[in-house]
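In what follows, a structure is listed as structure tokens, so that the remarks can point back to it.
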Amino acid sequence: MTWTPRRPGRVFSAVAFTVIGAVAALLLTAAGALPRDRERLPAAGPVDIGFSQDMIVHHQQAVTMAQAVLGRVSPSVAQLATGVELNQIREIGQMQGWLNLWDAPQVSSGPAMTWMSGHQGHGGADDSGADDSDADDGAMPGLASVDEMNRLGELEGDDLDAYFLQLMIRHHEGGLVMTAAAARDATDPHVRAFAVIIATEQRQETATMSGLLSALGREPLPLSG
Amino acid sequence: MRAGEPGGRDLRQRTRVRFGAALVAIAAAVSPAAAGAGTAGAAAGVSTAVPRAKCGPGSSAETGLQGQVPLADRRSGRSRQGYRCNLELVSRYQGQGQGTIGASYGKCQYLGTILPSAVTAKRPGVNVVDMSDPRKPRLSDSLLSPATLGGTWETLKVHPGRGLLAAVSVGAATGGFFVSVYDVKTDCRHPRLLNGVKGTKLTMPGAFPGHEASWSPDGRTYWTTGLLGGAIAALDMTDPRKPKVVYNGLTGMVNHGVNVSPDGNRVYVASSSIPAGIVIFDSSDIQRRKAHPRLRRVSETTWRDGIVSQYALPFTDRGRRYMVAVDELGSGGARFFDLSDDRRPRLVRKLKLEINRPENVKARVADLARNGIFGYDSHYCTLDRTADPTTMACGWAQSGIRVFDIRDLRKPREIAYYNPPAQTGRRAKLVNSAHAFVPFGGYFSDILNATPDGQPLYTGETDMTADWCMSPPRFDGDRLWVACDDNGALLLRFTNGVHPR
């Protein structure tokens with residue numbers, strides 16, 4: 315856990331406005347409680363729900379990674395990290411909103427990735443030493459382990475830049491496996507289109523990150539599994 | 004309508020910064036979000052009424068309904084004497100007031116902080132109050148580290164078994180970033196920072212949320228939750244000198260308090276969403292320190308006669324598992340659930356004070372119009388023990404400290420209360436009171452109950468005509484250790500033989 319927030323004031327301001335907005339939204343809806351027109355909601359299938367639940371988890375780790383390095387990486391990596399963070403937060407909000415409209419839980423009760431047909435489940439790299447029995451219940455592709463996340467907090471300088479890029483590239487590669495399945499199998503056309511948008515955006519980010527990593531003379535990590 | 008005397012005039016001129024921070028505080032304390040997912044087991048028709056305590060000699064009983072500080076008392080100044088029933092004051096250290104919740108260990112109390120007091124307080128940081136001589140309580144130390152200076156909200160928690168005190172810098176509402184762990188076992192009067200960098204008072208920052216926090220019963224894990232996005236994290240405290248994030252995730256729309264089952268395999272997360280409720284998660288991945296941990300949803304229980312659930316506390320009674328769930332706003336009160344099958348929590352009983360009943364909403368709105376967002380609202384309840392408890396004590400905001408005999412969970416009855424003297428007019432001194440700090444006193448708790456076309460939103464000062472008691476009381480034989488925002492650290496003693504034990 316090593317991260318120095320350079321501008322906590324800005325963070326708090328942003329948070330403050332968001333929170334105030336949430337309360338304002340309540341005030342607006344509390345009196346009349348927004349009616350739900352079920353007829354007009356597209357039907358959600360297990361892929362739509364499972365993809366949204368799992369992709370929130372997947373995205374959230376990218377947000378944590380970006381937050382963990384802010385203020386400690388070089389300007390170009392910092393710019394990339396901030397862009398990733400903002401994209402992923404916005405998309406998390408969209409998926410949380412869908413799950414609410416579908417009256418579906420935000421968090422699944424069973425193993426991850428059951429919505430993806432034929433998925434065997436695999437974690438990220440470097441699980442040695444830890445209890446890795448979760449590899450059997452469908453861990454998501456590209457996610458970093460607890461130890462890898464903590465290592466991100468300990469490194470400095472070029473090593474930190476490179477490791478962040480390596481983890482985020484692997485993260486995004488894993489995400490593509492999920493978006494490809496959702497783009498093909500989701501019931502709701504909005505979800506299918508959304509999956510394509512995520513894939514496009516993460517490919518672009520991955521291209522940038524690969525360039526930055528190459529400039530540091532480092533190689534990407536393999537996507538295990 | 005004029006309620007009571009206005010607070011200190013010296014703080015009339017307020018900066019925009021303070022006003023803004025208070026807005027955040029209010030918003031964050033309530034911050035409900037859109038409707039959540041399915042419900043389970045919240046049966047209708049369960050009784051809420053709790054018989055009044057029979058106040059013995061030495062009491063100074065309430066003058067209105069159970070839990071009420073009537074408008075007349077607020078106007079006449081009667082509320083400045085407080086109300087007590089079968090509980091007497093043993094010791095009090097007011098200091099600069101305290102922020103939301105305090106903690107205690109041995110004969111010491113630790114007063115929570117609000118962020119601005121790091122600048123405005125004469126003694127910034129978590130004030131340590133030594134009450135070993137109750138006649139002469141004294142400030143023995145103040146904890147200065149990024150977390151304890153950063154506004155502790157509901158993260159300041161002791162693990163009694165290990166004698167560890169932890170806190171997260173919550174800042175304006177949702178912080179995280181810093182955690183501090185102190186050894187209070189060696190000398191509770193002078194806690195020792197364990198995770199300082201190379202012997203300093205600086206700690207290494209990390210990326211995790213903060214608003215509420217809770218220790219797992221085994222003391223190995225310190226869970227933190229944030230309001231926004233349903234953020235939740237687990238910090239490994241096996242070596243308290245090096246706290247390590249072992250889980251970081253999102254569980255819902257707006258998380259509030261968190262608590263952990265005795266075996267560590269369940270976490271109970273309160274929802275500030277609408278409707279109010281408790282979500283139970285399988286946390287065995289984190290308990291087992293898996294490399295790729297996830298929380299799995301076990302069940303979600305919701306209700307509509309309260310908002311902004313505060314937290315849930317698991318316990319057992321005659322071998323059966325239960326939880327008590329507490330709401331922070333909307334007169335939701337406390338409720339017991341049978342968790343024999345935690346996939347389907349079953350409502351057993353609700354506890355509300357008379358003033359919390361729906362027919363008394365008009366009285367509430369009149370009494371509370373000018374004393375801030377929290378009204379006659381429960382906040383944190385604790386038990387005298389977590390197996391076969393006999394007694395439950397709660398911080399009930401403007402109703403003070405309330406104590407119930409719960410030997411029969413279906414027939415709880417009140418046995419004692421202590422609503423400390425209102426600190427009307429003493430705002431200037433109370434720079435660390437989360438209540439006194441809020442520079443405008445509009446009432447919020449009944450937002451869903453009271454008709455919105457009544458009075459315009461009150462934007463003047465809080466009138467300080469009743470304290471906010473928000474802390475979890477700690478049972479210690481016939482005594483209760485507790486803190487209220489304006490009155491600070493309190494040590495109370497049961498009288499008239501009411502504590503069943």
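Residue numbers (this note's numbering), protein chains in the order written: chain A, 315 to 539; chain B, 4 to 504. Just so it is clear, CB atoms sit at the ideal spot from N, CA and C, and this is done for glycine as well. Remember, predicted model here, so these are calculated numbers, not experimental data.
CB of residue i within 8 Å of CB of residue j, strictly
i                 : j                 : result
Tyr379 of chain B : Ser436 of chain B : no
Gln402 of chain A : Val377 of chain A : yes
Leu159 of chain B : Gly128 of chain B : no
Met427 of chain A : Met454 of chain A : yes
Asp186 of chain B : Leu197 of chain B : yes
Tyr446 of chain B : Ala390 of chain B : no
Leu168 of chain B : Tyr108 of chain B : yes
Phe497 of chain B : Leu386 of chain B : no
Leu354 of chain B : Thr51 of chain B  : yes
Ser120 of chain B : Gln99 of chain B  : yes
Ala279 of chain B : Val368 of chain B : no
Short CB-CB distance (under 8 Å) between residue i and chain A
i                 : result
His295 of chain B : yes
Lys57 of chain B  : no
Val248 of chain B : yes
Met256 of chain B : yes
Leu253 of chain B : yes
Arg17 of chain B  : Caution applies to Arg17 of chain B, whose pLDDT of 36 falls short of 50 and renders its modelled position unreliable; the value that the coordinates give is listed next. Chain A, which has no Cβ nearer than 8 Å to the Cβ of Arg17 of chain B, makes this no.
Val301 of chain B : yes
Gly543 of chain B : Outside the modelled stretch of chain B, which goes from 4 to 504, sits residue 543 of chain B, for which no answer is possible.
Residue range of the alpha helix (DSSP H) that includes residue i
i                 : result
Asn130 of chain B : Here Asn130 of chain B belongs to no alpha helix (DSSP H); instead the beta strand (DSSP E) covers Val129 to Asp133.
Gln381 of chain A : Pro360 to Val383
Leu490 of chain A : Gly471 to Asp499
Asp3 of chain B   : The structure shown has nothing for residue 3 of chain B, since chain B only spans 4 to 504.
Exposure of residue i, with buried meaning 16 or more beta-carbon neighbours within 10 Å
i                 : result
Leu529 of chain A : Looking at the sequence provided, one finds Ala at residue 529 of chain A rather than Leu. Looking at its Cβ environment, which holds fewer than 16 other Cβ atoms inside 10 Å, Ala529 of chain A is exposed.
Asp242 of chain B : exposed
Gly105 of chain B : buried
Phe365 of chain A : buried
Ala521 of chain A : exposed
Leu400 of chain A : exposed
Val182 of chain B : buried
Ala36 of chain B  : With a pLDDT of only 38 at Ala36 of chain B, under 50, the local geometry of the prediction cannot be trusted, and the value read off the model is given with reservation. With 16 or more Cβ atoms within 10 Å of its Cβ, Ala36 of chain B is classed as buried.
Leu231 of chain B : buried
Val501 of chain B : buried
Gln101 of chain B : buried
Leu424 of chain A : A quick correction: the sequence has Gly, not Leu, at residue 424 of chain A. Label assigned to Gly424 of chain A: exposed.
Gln290 of chain B : buried
Gln410 of chain A : buried
Beta-bridge partners of residue i, as assigned by DSSP
i                 : result
Glu405 of chain A : None; Glu405 of chain A has no bridge partner.
Lys365 of chain B : DSSP output for Lys365 of chain B lists no bridge partner at all.
Tyr96 of chain B  : B:Ala492
Cys472 of chain B : B:Ala400
Val270 of chain B : B:Val263 and B:Phe284
Met395 of chain B : B:Leu386 and B:Phe407
Phe508 of chain A : Paired residues: none, contrary to the question.
Thr224 of chain B : B:Asp239
Extent of the continuous beta strand (DSSP E) to which residue i belongs
i                 : result
Asn258 of chain B : Asn258 to Val263
Lys160 of chain B : Lys160 to His162
Val406 of chain B : Ile404 to Asp408
Val182 of chain B : Val182 to Asp186
Ala279 of chain B : Ala279 to Asp285
Pro317 of chain B : Ile310 to Asp320
Gly252 of chain B : Lys247 to Leu253
Asp479 of chain B : Arg477 to Asp479
Asn422 of chain B : Arg416 to Asn422
Glu303 of chain B : Arg299 to Trp306
Ser50 of chain B  : Note, Ser50 of chain B: premise wrong, no beta strand (DSSP E); not H, not E.
Within-8 Å CB hit, residue i to chain B
i                 : result
Leu535 of chain A : no
Ile512 of chain A : no
Ala376 of chain A : no
Met430 of chain A : no
Ala395 of chain A : no
Ala358 of chain A : no
Ala521 of chain A : no
Asp499 of chain A : no
Met463 of chain A : yes
Val371 of chain A : yes
Residues that residue i contacts on chain C, provided the C-beta gap is smaller than 7 Å
i                 : result
Gly489 of chain A : Here chain C cannot be found, since the structure's protein chains are A and B.
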